[in-house]
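These notes concern the structure reproduced below.
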Amino acid sequence: MKFHLIAAKDMKILIRDRNALIFMFIMPMVIISVAGLALGGTFEDNIRIDVLVVDLDNKHLSKEFVQFLEDIDILDIDMESNEFAARDRVKNKEYGRLVIFPLGFTESIMAGQDTELLIISDPSKDSQNTVLEKIIEGYANQMSTYVVTIKTVTAYGVPTYDQEKVFDIIKVVDRFIFPPPVAVVTQSSTTDRKDFSPFIQYVPGFAVMFLLFTCVEAGSVSLLKEQESGTLRRLVTAPISRSEIIGGKIAGIFIRGFIQLSVLLLFGQVAFDLDLGSSLAAIIILIAAVTLAGTGLGMLVAVLVKTKDQASPVSNMLIMTMSAIGGSWWPLYIEPEFMQSIAHFTITAWAMDGFYELLIFDTGVSGIREEVGVLLLMSVVFFWIATIRFKFE
Amino acid sequence: MTEALINDVIISIEKVVKRYNGFTAVDEISFNIKRGEIFGLLGPNGAGKSTLISILCCLFTQDSGKITIDGFDNIKDSIRIKNVIGVVPQEISLYSTLTARENLAFYGKIYGLSKMALHSRIEILLDMVGLTERADDMIQGFSGGMKRRINIAAALLHNPKILFMDEPTTGVDPQSRKRIYDTIVDLNKQGMSVLFTTHQMEDAQKLCHRIGIVDKGQLIALDTLTGLLELTGESDLIHVEAKDIPPNAVESIRKIETVKQVSIDTDSMTIQLLKGRELLVNIIDILTSEGAKVESINIKEPDLETLFLHLTGTKLRS
Chain A
1 MKFHLIAAKD
11 MKILIRDRNA
21 LIFMFIMPMV
31 IISVAGLALG
41 GTFEDNIRID
51 VLVVDLDNKH
61 LSKEFVQFLE
71 DIDILDIDME
81 SNEFAARDRV
91 KNKEYGRLVI
101 FPLGFTESIM
111 AGQDTELLII
121 SDPSKDSQNT
131 VLEKIIEGYA
141 NQMSTYVVTI
151 KTVTAYGVPT
161 YDQEKVFDII
171 KVVDRFIFPP
181 PVAVVTQSST
191 TDRKDFSPFI
201 QYVPGFAVMF
211 LLFTCVEAGS
221 VSLLKEQESG
231 TLRRLVTAPI
241 SRSEIIGGKI
251 AGIFIRGFIQ
261 LSVLLLFGQV
271 AFDLDLGSSL
281 AAIIILIAAV
291 TLAGTGLGML
301 VAVLVKTKDQ
311 ASPVSNMLIM
321 TMSAIGGSWW
331 PLYIEPEFMQ
341 SIAHFTITAW
351 AMDGFYELLI
361 FDTGVSGIRE
371 EVGVLLLMSV
381 VFFWIATIRF
391 KFE
Chain B
394 MTEALINDVI
404 ISIEKVVKRY
414 NGFTAVDEIS
424 FNIKRGEIFG
434 LLGPNGAGKS
444 TLISILCCLF
454 TQDSGKITID
464 GFDNIKDSIR
474 IKNVIGVVPQ
484 EISLYSTLTA
494 RENLAFYGKI
504 YGLSKMALHS
514 RIEILLDMVG
524 LTERADDMIQ
534 GFSGGMKRRI
544 NIAAALLHNP
554 KILFMDEPTT
564 GVDPQSRKRI
574 YDTIVDLNKQ
584 GMSVLFTTHQ
594 MEDAQKLCHR
604 IGIVDKGQLI
614 ALDTLTGLLE
624 LTGESDLIHV
634 EAKDIPPNAV
644 ESIRKIETVK
654 QVSIDTDSMT
664 IQLLKGRELL
674 VNIIDILTSE
684 GAKVESINIK
694 EPDLETLFLH
704 LTGTKLRS
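Chains as they are written, first to last, in the numbering used here: chain A, 1 to 393; chain B, 394 to 711.
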């Protein structure tokens with residue numbers, strides 16, 4: 001077998017090409033760093049819920065409630081003393097939500113009487129409203145517990161006008177309700193989910209994009225260059241089979257892509273503490289599958305265009321489209337559902353799905369079977385068409 | 394060459410046909426090449442030379458006809474043939490960012506040479522093409538002629554019995570051309586058979602034991618240089634450089650009894666005729682009287698150019 005001679009020759013040519021090395025390694029590292037650091041907040045703290053509060057009660061329990069809301073990071077709390085003005089501001093969409101503490105709120109609770117909090121919200125921002133409602137419901141449940149307790153002790157003859165006694169009872173209640181006696185424990189069907197760091201998006205995202213530049217653009221150009229310069233003709237007239245020649249070219253492109261993707265992921269791990277998951281085998285299998293699919297696409301481009309000058313623009317158009325819709329530049333889940341479906345015709349989307357499985361959920365090999373399967377299927381289809389159409393003459 | 398070598402056929406081509414999309418590039422060509430022979434295939438661009446040499450190099454197969462090379466059938470035994478042939482393609486088929494030595498090492502390994510054999514063979518070939526001093530320089534820094542020389546060396550690493558060269562002197566300076574001629578002659582002296590295609594008469598005249606002339610996919614003549622030139626008889630070739638040659642002048646010249654062929658280009662005219670020297674004055678008279686602005690005129694002895702014009706009615710480089 002002599003295919004390794006061709007692969008080794010291609011690696012030697014690559015090592016001599018300083019511009020190619022910069023494009024393969026330095027440029028993606030810079031872009032990952034800039035994107036991750038500059039746009040880091042996009043995926044971490046992007047939910048900000050503005051809330052206007054009218055505290056008509058202005059006593060200690062309503063004040064504690066407002067303080068509780070102000071202490072929550074994702075809520076932007078502004079106070080308004082005039083209820084009518086506040087309602088107008090929400091109506092005019094100046095604020096998305098309004099919370100009104102009624103007059104006598106604290107007094108009612110302390111007397112063991114029912115009371116209510118009013119939330120007025122813009123229905124167009126449903127998900128943010130739900131978040132606010134859940135927060136307020138949680139704190140209101142605590143207050144409800146006070147009311148129930150006071151009602152209960154009153155039923156047993158403790159007078160509610162004895163404020164000191166009521167405070168003592170509430171203190172006791174507080175001791176029992178934190179932590180809540182009936183806890184709800186949620187478990188993911190997969191292993192533990194990690195926080196979504198921007199580098200979980202940008203390291204594999206840009207690494208896959210630049211891998212495609214290596215495998216699809218540089219790969220197709222390298223093959224067409226052999227055709228156009230006559231080196232392929234010379235190889236065909238030498239005692240080496242055509243399958244070894246093509247195998248050598250594929251191996252050369254695959255090796256450079258595999259090294260590039262591995263180095264860029266390691267860079268993410270070292271520079272930005274990116275957790276690549278606990279399974280080395282899984283990450284290697286995924287890198288290999290993505291690289292193989294990219295190499296196959298490079299071969300396909302090489303046989304579909306006529307010259308190496310055509311290969312670059314065609315490859316660039318394919319790569320940029322795949323990167324945009326496939327999730328290299330932003331998470332796939334922010335795209336509309338139909339775009340997510342279209343995206344799954346691309347290498348990028350399946351690659352990113354696989355990396356999310358490993359980097360966020362640490363699912364190991366079993367979690368990426370579907371992604372690897374689809375990528376390998378793509379590789380087979382690409383290589384099959386390319387081999388049929390490839391012309392050595 | 395010894396008589397024994399000359400009579401031993403190393404390449405046999407019988408009624409070979411190759412068509413592309415209905416166009417017949419090689420049309421029932423038959424001839425033999427003898428062991429130890431330098432054989433030139435001469436013809437204009439598009440005559441079918443490169444197609445024929447590509448078939449002989451096992452780059453692709455013929456549609457019909459039979460070819461044997463060193464006793465092997467080109468369709469059934471292509472791998473064996475590849476071990477006995479060396480191919481110098483028309484293009485500079487080298488890797489420009491590898492050095493001359495690295496290019497030769499790569500191709501040598503493809504031919505399965507051992508490390509030791511490869512090392513010594515590379516040194517010998519670099520010396521032969523006169524580029525030992527530049528062995529460790531990248532090809533991209535070489536002149537066209539130097540690249541051509543390494544291009545030839547890359548075909549000789551496995552010491553082939555037969556060397557195929559497709560237009561080996563295209564675009565080279567006179568110094569490199571001479572070096573290439575010397576290399577071919579040296580290789581032939583060592584017993585190597587050489588088949589090369591060219592549209593340069595000088596190549597064929599200086600190097601070839603025999604010359605085959607190809608036009609429009611057919612072999613229209615095959616002989617030694619002397620034998621071919623005899624076909625032209627006593628013909629001379631008059632070449633006229635002139636602006637605005639009027640059609641009437643061409644017609645008048647064609648009517649001269651001893652004129653065999655007249656070929657017209659944009660600003661020149663080539664006339665094949667008998668007794669050229671005697672008729673030179675007449676021809677100048679006709680051209681000037683018809684208003685042609687004659688810039689130069691010269692008369693040539695019979696050569697392959699004359700022969701090609703004689704055989705095809707067109708100039709070789711047209």
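For every residue, glycine included, the Cβ atom is placed at its ideal position computed from N, Cα and C.
Any C-beta of chain B under 8 Å from that of residue i
i	result
D17(A)	yes
G236(A)	At residue 236(A) the sequence reads Val, which differs from the Gly that was named. Yes, contact with chain B.
I13(A)	yes
P28(A)	no
G230(A)	yes
L5(A)	yes
K308(A)	no
R242(A)	no
K9(A)	yes
K2(A)	yes
C-alpha distance - residue i paired with residue j, whole-angstrom precision
i	j	result
N280(A)	F105(A)	A small fix is needed here, since residue 280(A) is Leu in this sequence, not Asn. Near 58 Å, if we compare the C-alpha coordinates of F105(A) and L280(A).
T625(B)	I677(B)	24 Å
E80(A)	K134(A)	22 Å
A597(B)	V652(B)	26 Å
I573(B)	Q483(B)	14 Å
L223(A)	G247(A)	11 Å
G354(A)	A288(A)	12 Å
I177(A)	Y146(A)	10 Å
L556(B)	N691(B)	37 Å
K668(B)	H602(B)	29 Å
G364(A)	T525(B)	56 Å
T617(B)	A302(A)	46 Å
D696(B)	L622(B)	6 Å
A546(B)	T231(A)	14 Å
R412(B)	D456(B)	7 Å
E335(A)	F390(A)	37 Å
I13(A)	D529(B)	15 Å
Q611(B)	P561(B)	22 Å
Secondary structure of residue i, DSSP reduced to three states
i	result
N438(B)	coil
H632(B)	strand
T699(B)	helix
G458(B)	strand
V687(B)	strand
N476(B)	helix
D596(B)	helix
I255(A)	helix
N407(B)	Reading off the sequence, residue 407(B) comes out as Glu, not Asn. Strand at E407(B).
A614(B)	strand
K571(B)	helix
E107(A)	helix
D174(A)	helix
I347(A)	helix
M317(A)	helix
F383(A)	helix
F206(A)	helix
8 Å Cβ cutoff, residue i in contact with chain A
i	result
L519(B)	no
S586(B)	no
V480(B)	yes
K540(B)	no
K475(B)	yes
E407(B)	no
K411(B)	no
L491(B)	yes
Whole-Å CB distance - residue i paired with residue j, under 8 Å assumed
i	j	result
S220(A)	G298(A)	5 Å
L98(A)	L52(A)	5 Å
A238(A)	I503(B)	5 Å
I631(B)	I657(B)	The pair is not a contact, with the Cβ atoms about 13 Å apart (cut-off 8 Å).
> For the segment 261-307 of chain A, which segments carrying the alpha helix (DSSP H) assignment without a break, of at least 4 residues, lie completely within its bounds, in sequence order?
Replying inline: As far as the segment 261-307 of chain A is concerned, its whole alpha helix (DSSP H) runs of at least 4 residues are 280-304.
> Can you list the beta strand (DSSP E) stretches of 3 or more residues lying completely in the segment 617-676 of chain B, in chain order?
Replying inline: The qualifying runs are 629-636, 652-657 and 661-666.
> What are the residues of the segment 443-464 of chain B that lie near chain E, defined by any Cβ-Cβ distance shorter than 8 Å?
Replying inline: The chain inventory of the structure shown lacks chain E, comprising the protein chains A and B.
>> I'd like the ranges of any alpha helix (DSSP H) spanning at least 4 consecutive residues and lying wholly in the segment 470-517 of chain B.
In response: Within the segment 470-517 of chain B, the complete alpha helix (DSSP H) runs of at least 4 residues fall at 471-477 and 493-503.
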